[in-house]
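In the working numbering, the protein residues as written are 1150 to 1309.
We treat Cβ as the ideally placed atom computed from N, Cα and C, and that holds for glycine.
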């Protein structure tokens, strides 16, 4: 991708599920220094909320890999499951052959492995409380819920 675009400065992700398991959706956005924004999301017919949280983060990481990033770039999420999994639990899971502390297989291993592979060493995840008035978190929640319920939503793509 061309480096004529401004750098990504922040991103936000969220997942939603109607029933658990049930139809699910994920939403994400990336903001750029020039004020532009890129929103995107997806749908899965039978999934869980946790899978959608992980899928949203994975899709953001894949996009960020190919664009210039601000040195203080962060991905904001309301999922402690995602943050704890990537920053702490995954180390032990890999050492134990993808088993939990109790010896059970790690749930969502496929997505955890994909996230580990796509991880960007210069991009950290940051927790934001859900439904607290954070504009980006509220927006990705709306995108994720819309996709989970198969409701049309106008996505913004103002990439300059």
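Inside the region 1157-1243, DSSP marks whole alpha helix (DSSP H) runs of 4 or more residues at positions 1198-1213 and 1229-1233, from first to last along the chain. For residue 1287, the uninterrupted alpha helix (DSSP H) run begins and ends at 1284-1297, by DSSP. Contact between residue 1213 and residue 1161 is ruled out by a C-beta separation of about 12 Å, above the 8 Å threshold. The three-state secondary structure of residue 1248, taken from DSSP, is strand. If you draw a straight line from the Cα of residue 1198 to the Cα of residue 1306, it comes to about 25 Å.
Fewer than three Cβ pairs drawn from the region 1161-1181 and the region 1263-1273 lie within less than 8 Å of each other, which leaves the two stretches out of contact.
Distance between residue 1246 and residue 1224, taken at the CA atoms: about 28 Å. A distance of 8 Å or more separates the beta carbons of residue 1292 and residue 1173.
Ranked by Cα distance from residue 1258, the first of 1179, 1163, 1164 and 1204 is 1204.
Residue 1295 is a Cβ neighbour of residue 1302, given a cutoff of 8 Å. From the listed residues 1263, 1260 and 1206, the smallest Cα separation to residue 1227 is found for 1206. Secondary structure at residue 1273: strand, using DSSP grouped into helix, strand and coil.
Annotated as distal: residue 1217 and residue 1180, with beta-carbon spacing of 8 Å or more. Taking 8 Å as the cut-off, the beta carbon of residue 1178 is found no closer than this to the beta carbon of residue 1267.
Beta-bridge partners assigned by DSSP to residue 1306: 1187. If the five residues before and after residue 1196 are omitted, its C-beta is found closer than 7 Å to the C-beta atoms of 1166, 1170 and 1173, all from its own chain and listed in chain order.
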